[in-house]
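What follows is a short report on a single structure.
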Amino acid sequence: MFDFDKPVDRFGTNSYKYDKMPNRDVIPLWVADMDFETAPCITDALRKRLEHGCFGYTQVPESFYEATMSWFKRRHGWQIERQWFIYTIGVVPAISAIIKAMTKPGDRVLVQTPVYNCFFSSIRNNGCQIAESQLISIEEPDGTLRFAIDWAHFERQCADEKTTLFLLCNPHNPAGRVWTADELRCMGEICHRHNVFIISDEIHCEFVNPALERGYVPFATVASDRNYAVCVSPSKAFNIAGLQIANIIAPDADVRERVDKAININEVCDVNPFGVIALQAAYSAEGEQWLTELNEYIYANYAWAAEFIRKNLPEWKVTRLEGTYLMWVDVSATGKTGDELTAHLLYDCGVYVNAGSMYGDKAGNNYIRINLATQRDRLKKALESTTSTAELPTP
Numbered sequence: 044m045f046d047f048d049k050p051v052d053r054f055g056t057n058s059y060k061y062d063k064m065p066n067r068d069v070i071p072l073w074v075a076d077m078d079f080e081t082a083p084c085i086t087d088a089l090r091k092r093l094e095h096g097c098f099g100y101t102q103v104p105e106s107f108y109e110a111t112m113s114w115f116k117r118r119h120g121w122q123i124e125r126q127w128f129i130y131t132i133g134v135v136p137a138i139s140a141i142i143k144a145m146t147k148p149g150d151r152v153l154v155q156t157p158v159y160n161c162f163f164s165s166i167r168n169n170g171c172q173i174a175e176s177q178l179i180s181i182e183e184p185d186g187t188l189r190f191a192i193d194w195a196h197f198e199r200q201c202a203d204e205k206t207t208l209f210l211l212c213n214p215h216n217p218a219g220r221v222w223t224a225d226e227l228r229c230m231g232e233i234c235h236r237h238n239v240f241i242i243s244d245e246i247h248c249e250f251v252n253p254a255l256e257r258g259y260v261p262f263a264t265v266a267s268d269r270n271y272a273v274c275v276s277p278s279k280a281f282n283i284a285g286l287q288i289a290n291i292i293a294p295d296a297d298v299r300e301r302v303d304k305a306i307n308i309n310e311v312c313d314v315n316p317f318g319v320i321a322l323q324a325a326y327s328a329e330g331e332q333w334l335t336e337l338n339e340y341i342y343a344n345y346a347w348a349a350e351f352i353r354k355n356l357p358e359w360k361v362t363r364l365e366g367t368y369l370m371w372v373d374v375s376a377t378g379k380t381g382d383e384l385t386a387h388l389l390y391d392c393g394v395y396v397n398a399g400s401m402y403g404d405k406a407g408n409n410y411i412r413i414n415l416a417t418q419r420d421r422l423k424k425a426l427e428s429t430t431s432t433a434e435l436p437t438p
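Per our numbering, the very first residue in the sequence shown carries number 44; after that it's consecutive.
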């Protein structure tokens with residue numbers, strides 16, 4: 044058993060999540076970064092590497108590829124071939140390089156909003172236009188929300204001759220959807236009909252609610268052609284984003300050649316030796332057991348938080364969390380926008396969450412995003428403080 048209740052003081056460690064807070068009394072539930080120590084097998088592997096004392100340029104060994112291939116085959120039924128890999132320093136640099144490789148300035152890149160905010164900057168930074176297909180919010184019988192695809196609108200966007208690329212988030216951040224095989228297959232077929240290349244960001248693939256009767260489906264396992272690239276990394280699942288390691292999986296040789304060139308143009312081809320070591324340790328039997336227990340803990344956090352909100356904050360409407368550790372909450376019934384409520388939570392309650400407008404002005408304006416990947420005591424303290432009327436001084 045692993046102790047995810049163990050408190051970790053992250054202030055004063057140059058933590059982006061914590062040390063950007065105005066003071067130590069603010070509880071940060073924002074950026075997608077967990078408050079748990081990583082799996083012990085990773086720490087042990089890094090300690091052994093650290094003891095060597097030399098940290099020069101690193102060569103990525105065959106064991107790196109073998110660990111990744113074995114992991115995705117046994118956990119997710121995805122047979123990845125060795126030649127399909129391009130390693131890089133992170134999923135966002137990977138996405139930016141693929142957009143550079145597969146589009147030209149002025150092309151339209153389609154996203155399903157609300158969606159991860161860095162998608163927008165990756166598109167704009169490559170001189171492309173953002174095309175949105177807004178997800179539909181559906182209220183379930185139990186009062187939770189669930190997001191679905193507007194298929195007619197999605198196809199119209201793909202049919203636009205200027206749309207050359209679709210940037211998929213699987214599982215979806217922040218809507219919490221774990222797309223089904225049928226949904227992924229349909230998206231792929233529509234893109235195939237209109238010759239739209241697909242990037243699938245699958246960084247959250249290891250977070251699936253244990254109560255869900257199905258698991259994560261790699262887009263590659265249902266794709267109708269090879270006109271795609273998938274981005275994966277252990278960084279979210281094992282809380283090692285600072286070690287900077289990710290993989291692009293592209294089965295088409297021409298695509299790989301173009302992407303490899305863009306990776307080198309963007310100069311994101313040299314990886315951290317600690318990232319290489321950490322990936323291999325993460326994708327092991329010990330890492331898998333840690334991850335299984337982590338998922339159980341996170342979704343127990345979600346169950347507690349959803350019930351607390353239902354009882355104490357009835358104007359907040361929770362989105363059902365199928366995947367990720369990020370709760371997407373409709374706050375329109377409060378009479379405040381997501382931006383306004385975020386300011387209230389920070390200055391009056393001492394809790395920092397993300398305003399939904401980050402994930403699309405129109406699609407996210409009435410929402411907030413709450414990071415549940417923290418110790419339960421901290422989560423309880425944060426949510427309980429939202430019911431307090433006491434005002435905190437403005438930082």
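Beta carbons: idealized from backbone N, C-alpha and C, even for Gly. Quick caveat: nothing in here was measured; it's all calculated off a predicted structure.
Local Cβ density within 10 Å of Glu124, reported as buried at 16 or more and exposed below that:
exposed
Are the segment 316-328 and the segment 111-121 touching by the rule of at least three beta carbon pairs closer than 8 Å?
yes
Throw me the rounded Cβ distance for the Ile246 and Ile141 pair, which I believe falls under 8 Å.
In fact, because the Cβ distance is near 14 Å, the residues do not count as touching under 8 Å.
Length of the line joining the Cα atoms of Lys442 and Lys360
Lying before the first or after the last residue shown, residue 442 is absent from the chain, which here runs from 44 to 438.
Classify Glu434: buried if its beta carbon has 16 or more other beta carbons within 10 angstroms, exposed otherwise.
At Glu434, the pLDDT of 43 sits below 50, so the modelled position is not reliable; the number obtained from the coordinates is stated separately. That one is exposed.
Mind checking who Thr131 pairs with in its DSSP beta bridge?
Ala289
Between the Cα of Phe250 and those of Val275, Ala263 and Asp268, spot the shortest distance and give me the residue it belongs to.
Val275
Measuring CB to CB, does Gly399 end up less than 8 Å from Tyr390?
no
Can you give the beta carbon distance from Pro261 to Trp121, rounded, assuming they're within the 8 Å contact cut?
4 Å
Can you list, in chain order, the residues of its chain with a C-beta nearer than 6 Å to that of Ser375? Leave out the 5 residues immediately preceding and following it.
Asn409
Inter-residue Cα distance where the pair is Leu227 and Asp68
43 Å
Please identify the residue among Ala75, Asp52 and Asn270 whose C-alpha is closest to the C-alpha of Arg299.
Asn270
Could you have a look at Gln177 and say whether DSSP puts it in helix, strand or coil?
coil
Inside the segment 261-341 only - beta strand (DSSP E) runs reaching at least 3 residues:
271-275 and 289-292
Outcome for Asp297 when other beta-carbon atoms lying within 10 angstroms are tallied against a minimum of 16:
exposed
Cα-Cα separation, Gly403 to Thr385
16 Å
Residues sharing a beta bridge with Pro71, DSSP:
Tyr395
Closest residue to Arg220 among Thr207, Arg363, Asn309 and Met64 (Cα-Cα distance)
Arg363
Rounded to the nearest angstrom, what separates Pro438 and Asp62 at their Cα positions?
The predicted model places Pro438 with a pLDDT of 34, which falls under 50 and marks its position as unreliable; any figure quoted below should be read in that light. Rounded to whole angstroms, Pro438 to Asp62 spans 14 Å at the Cα level.
Span separating the alpha-carbon of Pro277 from that of Ile283
7 Å
Please look up how many angstroms separate the CB atoms of Phe79 and Ala416, rounded, as I've assumed it's under 8 Å.
7 Å
Given Glu232, which residues of its chain have a CB within under 8 Å of its CB, disregarding the five upstream and five downstream residues?
Ser267
Own chain, CB closer than 6 Å to Ser139, minus 5 neighbours either side, in chain order
Ser165
Does the segment 206-217 come close enough to the segment 146-162 that 3 or more CB-CB pairs lie under 8 Å?
yes
May I ask you to report which of helix, strand or coil DSSP gives Met44?
coil
Is the separation between the beta-carbon of Gln177 and that of Thr156 shorter than 8 Å?
yes
Determine the burial state of Gly393: buried for a count of at least 16 other Cβ atoms within 10 Å of its Cβ, exposed for fewer.
buried
Give me the Cβ distance between Tyr100 and Asp303, rounded to the nearest whole Å; I'm assuming they're in contact under 8 Å.
So it is not a contact: roughly 18 Å between Cβ atoms.
Other residues of its chain near Pro436: CB distance less than 6 Å, five sequence neighbours each side excluded
Bear in mind that a pLDDT of 37 at Pro436, under 50, signals an unreliable position, so the number given afterwards is only what the model happens to contain. Within the same chain, Pro436 has no close Cβ partners at all.
I need the straight-line Cα distance from Gln102 to Gly133, nearest angstrom please.
17 Å
Keeping to the same chain, check which residues put their C-beta closer than 6 Å to that of Ala224; ignore five residues upstream and five downstream.
Val260 and Val265
I think Lys205 touches Asn169, with their Cβ atoms under 8 Å apart; what is that distance to the nearest whole Å?
Between Asn169 and Lys205 the Cβ distance is about 14 Å, and since that is not below 8 Å, they are no contact.
Measure how close the beta-carbons of Arg412 and Leu369 come, nearest whole angstrom, since I'm counting them as under 8 Å.
5 Å
Could you have a look at Asn355 and say whether DSSP puts it in helix, strand or coil?
helix
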